[in-house]
Amino acid sequence: MEHRTIKGVGGEVHYWISRTKDIPKGTIVFSHGLTANHTMFEKQIEYFKNEYIVIAWDVPMHGLSVPYNDFSYEILQEIYIKY
1401 MEHRTIKGVG GEVHYWISRT KDIPKGTIVF SHGLTANHTM FEKQIEYFKN EYIVIAWDVP
1461 MHGLSVPYND FSYEILQEIY IKY
């Protein structure tokens, strides 16, 4: 998995992406719930990464996406739409 960041409205958001060398079957995005982070999907990522593009992220205020100013789920929706 390649670690990357994007600039959100309140700080940096960390995400990881794995691209298959062959033509992928599609893309899978793993998004965790409250109090968790992207590592909860390690087994699923390992299983799917050879056939799919796999993206996992740390939602703002979780994992490496801390600190994040003025986070709300309304802002999270804006991030999803923008990227």
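The sequence shown lines up with residues 1401 to 1483 when you count with my numbering.
Backbone N, C-alpha and C fix where the C-beta goes; we use that ideal spot for every residue, glycine too.
Worksheet item: Buried or exposed: where does Tyr1447 fall if 16 or more other Cβ atoms within 10 Å of its Cβ makes it buried?
Response: Per the 10 Å Cβ criterion, exposed.
Practice prompt. Can you tell me which of Thr1420, Arg1404 and Val1459 puts its alpha carbon nearest to the alpha carbon of Glu1474?
Written response: Ranking the options by Cα distance to Glu1474, first place goes to Val1459.
Practice prompt. Could you have a look at Tyr1415 and say whether DSSP puts it in helix, strand or coil?
Written response: Tyr1415: strand per DSSP, three-state reduction.
Worksheet item: Tell me, which residues are paired with Phe1430 by DSSP?
Response: Partner(s): Ala1456.
Worksheet item: How would you call Ser1472, buried or exposed, if buried means at least 16 neighbouring beta carbons within 10 angstroms?
Response: With fewer than 16 other Cβ atoms within 10 Å, it is exposed.
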